[in-house]
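Asker:
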Amino acid sequence: MPDLVTHLASALLPGVALRADRAVLLALGACLPDLGGRLPGLSLAGLRWLGLPTFGLEKLPFGVLHQPVGSGLLALLVASMLPERDRALGLLLVLSGVMTHIGLDVLQDHRGHGHALLFPFSNRRFELGLFGPEATVPWVPAIVLVTAGLWGVRWWRARRRQRSR
11 MPDLVTHLAS
21 ALLPGVALRA
31 DRAVLLALGA
41 CLPDLGGRLP
51 GLSLAGLRWL
61 GLPTFGLEKL
71 PFGVLHQPVG
81 SGLLALLVAS
91 MLPERDRALG
101 LLLVLSGVMT
111 HIGLDVLQDH
121 RGHGHALLFP
131 FSNRRFELGL
141 FGPEATVPWV
151 PAIVLVTAGL
161 WGVRWWRARR
171 RQRSR
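Per the numbering used here, the very first residue in the sequence shown carries number 11; after that it's consecutive.
1. Taking the alpha helix (DSSP H) that Trp161 belongs to, which residues open and close that run?
2. Would you report the Cα separation of Pro24 and Ala152, rounded to the nearest angstrom?
3. Taking 8 Å as the cut-off, decide whether the C-beta atoms of His125 and Gln77 are in contact.
4. Between which two residues does the alpha helix (DSSP H) carrying His76 extend?
5. For Ser106, does the count of other Cβ atoms within 10 angstroms reach 16, so buried, or fall short, so exposed?
6. Please identify the residue among Val88, Pro71, Pro50 whose C-alpha is closest to the C-alpha of Gly39.
7. Roughly how many angstroms lie between the CA atoms of Leu67 and Ala55, to the nearest whole one?
8. Classify Thr16: buried if its beta carbon has 16 or more other beta carbons within 10 angstroms, exposed otherwise.
9. Quick check on the burial criterion: 16 or more other C-beta atoms within 10 angstroms. Buried or exposed for Leu140?
10. With distances taken between CB atoms, is the gap from Leu22 to Thr157 smaller than 8 Å?
11. So for His111, helix, strand or coil by DSSP?
12. What first and last residue would you give for the alpha helix (DSSP H) that runs through Asp44?
13. Determine the contact status of Ser81 and Val116, defining contact as a CB-CB distance below 8 Å.
14. Is Trp161 near Val26, with beta carbons less than 8 Å apart?
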């Protein structure tokens, strides 16, 4: 899969045109499928490696949270924590980030282990197979520099505007 940094940049690059609070929600959505669907399993594996008890939690199907319906439910949960007046837009932003994430993942070749995009209605897997899971890793430094550069310009311009007032 594209790494989490690439997923984050996929939201922060267009997010530079948004208000910061909105860009954060877009970025959170872009990370949500991995945070919900991958992080718990990796964390439990780490606990097991350390010899600590996992209480059978590793048997839970966290991978469902990496699919559109599971990530959509996580987006609803995140939006429900926002002030009521911000929930609809917040949900739209988080879902947009989620779809960015899933869109990038679908472009990859997972060697036949694509995404069950219609789960729970279908277990059929789909992927476009345009590039391998590690293909984005060499680009991470450039992606980080471009993203940081754009956000740096944004910060500099806002600060300059603020000083001129």
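Where is the CB? At the ideal position from N, CA and C, for every residue including glycine. Note that the structure is predicted; figures quoted are calculated from it, not measured.
Answerer: Taking the definition as stated:
1. Position 151 of the sequence shown, counted from the start, is the residue given in the question as residue 161. Where Trp161 is concerned, the enclosing alpha helix (DSSP H) stretches over 150-174.
2. Position 14 of the sequence shown, counted from the start, is the residue given in the question as residue 24. Position 142 of the sequence shown, counted from the start, is the residue given in the question as residue 152. Using only the alpha carbons, I get a separation of about 16 Å.
3. Taking the first residue of the sequence shown as position 1, residue 125 is located at position 115. Taking the first residue of the sequence shown as position 1, residue 77 is located at position 67. A contact, by the Cβ cut-off of 8 Å.
4. What you label residue 76 is simply residue 66 of the sequence shown in a count that begins at 1. Where His76 is concerned, there is no enclosing alpha helix (DSSP H), given that its DSSP letter is neither H nor E.
5. If you number the sequence shown from 1, residue 106 lands on position 96. In summary, Ser106 is buried, with 16 or more beta-carbon neighbours lying within 10 Å of its beta-carbon over all protein chains present.
6. The sequence position of residue 39 within the sequence shown is 29, counting from 1. Comparing Cα-Cα distances from Gly39 to each of Val88, Pro71, Pro50, the minimum goes to Val88.
7. Looking up residue 67 in the sequence shown gives position 57. Looking up residue 55 in the sequence shown gives position 45. The straight-line gap from Cα to Cα measures roughly 10 Å.
8. The residue you call residue 16 lines up with position 6 of the sequence shown. Here Thr16 is buried. Its C-beta has 16 or more other C-beta atoms within 10 Å.
9. Residue numbering aside, residue 140 sits at position 130 when the sequence shown is read from its first letter. Taking all protein chains in view, the Cβ of Leu140 is surrounded by fewer than 16 other Cβ atoms within 10 Å, so the residue is classified as exposed.
10. Here the question's residue 22 lines up with position 12 in the sequence shown. Here the question's residue 157 lines up with position 147 in the sequence shown. Going by C-beta atoms, Leu22 is nearer than 8 Å to Thr157.
11. In the sequence shown, counting from the first residue as 1, residue 111 sits at position 101. If DSSP states are grouped into helix, strand and coil, His111 belongs with the helices.
12. Position 34 of the sequence shown, counted from the first residue, corresponds to residue 44. Note, Asp44: alpha helix (DSSP H), 30-47.
13. On the sequence shown, position 71 is the one that residue 81 refers to. On the sequence shown, position 106 is the one that residue 116 refers to. It is not a contact, given that the beta carbons lie outside the stated cut-off.
14. Position 151 of the sequence shown, counted from the start, is the residue given in the question as residue 161. Position 16 of the sequence shown, counted from the start, is the residue given in the question as residue 26. Going by beta carbons, Trp161 and Val26 fall inside the 8 Å limit.
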